[in-house]
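Only one structure is covered here, and it is reproduced in the block below.
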Amino acid sequence: MSKSSAAAPRVFLVDDDLSILRALERIFSSSSYSVQTFSSAEDFLATADLQQAGCLVLDLSMPAMSGSLLQEHLLRNKSLLPVIFLTGNGDVASSVKAMKLGAFDFLTKPVDAHCLLETVQLALALNRRLIADQALLRSIELRLGSLTKREHQVMDLVVSGRLNKQIAAELGTVEHTIKLHRASVMRKMHADSFSDLVTTINTLRSLTSPSSGR
0 MSKSSAAAPR VFLVDDDLSI LRALERIFSS SSYSVQTFSS AEDFLATADL QQAGCLVLDL
60 SMPAMSGSLL QEHLLRNKSL LPVIFLTGNG DVASSVKAMK LGAFDFLTKP VDAHCLLETV
120 QLALALNRRL IADQALLRSI ELRLGSLTKR EHQVMDLVVS GRLNKQIAAE LGTVEHTIKL
180 HRASVMRKMH ADSFSDLVTT INTLRSLTSP SSGR
């Protein structure tokens, strides 16, 4: 995990209304959250760490770059920060679009402080899970990267349930060679058993599937 990801989670507040920004900051600071405020989406992008643990409380309607455009930018850059929209000008269409793009929640002003704090708490829990998943994915990908092309072939056939002699026949080699490749695969993938290897590959598939996003 990167140094920034290991830092204390931070609530990023983005709103062009300075009075609202100060009120939100007081709510979170009084609840011992680490807070960073921005009066525009551009200011946020210029200085915020998108890889830091935390979440984003974002106004929808802002000059220049709107909350929706910022959300789209974060998606393109694979940010793990859950987005909570907070707006006084929201409508059904905006809410639906934001949620389809993966917004964590869509709240309207004036917002109840208790509701906002609960929503942020849940968003931070999601962020912790996303960071852990990303670290696990990187670990598995590094292990996969250490395999040779033939070891990849053997692993795929092993995971599919083929026996060593079946794999040897399919790859045009002898069973002893397959046993050697299989042992190397298990070692490089940090798998103590067949079930460990299957679990690792299934985890990889789960983390890289389109439905795994928030």
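For the sequence shown, numbering that gives the first Met the number 0 gives the first residue as 0, with consecutive numbering after it.
Where is the CB? At the ideal position from N, CA and C, for every residue including glycine.
Remember, predicted model here, so these are calculated numbers, not experimental data.
Asked: On the CB-based measure, 16 or more other CB atoms within 10 Å of its CB, does D195 come out buried or exposed?; Found: exposed
Asked: On the CB-based measure, 16 or more other CB atoms within 10 Å of its CB, does D233 come out buried or exposed?; Found: Because the chain in this structure spans residues 0 to 213, residue 233 falls outside the shown range and cannot be described.
Asked: By Cβ distance below 6 Å, which residues in the same chain neighbour S33 in space, the five residues on each side in sequence not counted?; Found: A7, R9
Asked: In chain order, which continuous runs of the beta strand (DSSP E) of length 3 or greater are located wholly inside the stretch 13-53?; Found: 33-37
Asked: Just to confirm the assignment, what range does the beta strand (DSSP E) spanning T202 have?; Found: T202 -> not in any beta strand (DSSP E); alpha helix (DSSP H) instead, spanning 193-207.
Asked: What are the boundary residues of the beta strand (DSSP E) that V119 is part of?; Found: Careful: V119 lies outside any beta strand (DSSP E), inside the alpha helix (DSSP H) at 112-144.
Asked: In terms of alpha-carbon separation, which member of L20, H180, G171 lies closest to P109?; Found: L20
Asked: Are the stretch 115-134 and the stretch 71-85 touching, with three or more C-beta to C-beta distances below 8 Å?; Found: yes
Asked: If you draw a straight line from the alpha carbon of A52 to that of K99, how long is it in whole angstroms?; Found: 23 Å
Asked: In terms of residues, what are the limits of the alpha helix (DSSP H) holding T107?; Found: Careful: T107 lies outside any alpha helix (DSSP H), inside the beta strand (DSSP E) at 104-107.
Asked: So, H72 versus L44, is the Cβ gap smaller than 8 Å?; Found: yes
Asked: Rounded to the nearest angstrom, what separates T199 and L69 at their Cα positions?; Found: 35 Å
Asked: With which residues is I83 paired in a DSSP beta bridge?; Found: V56, D104
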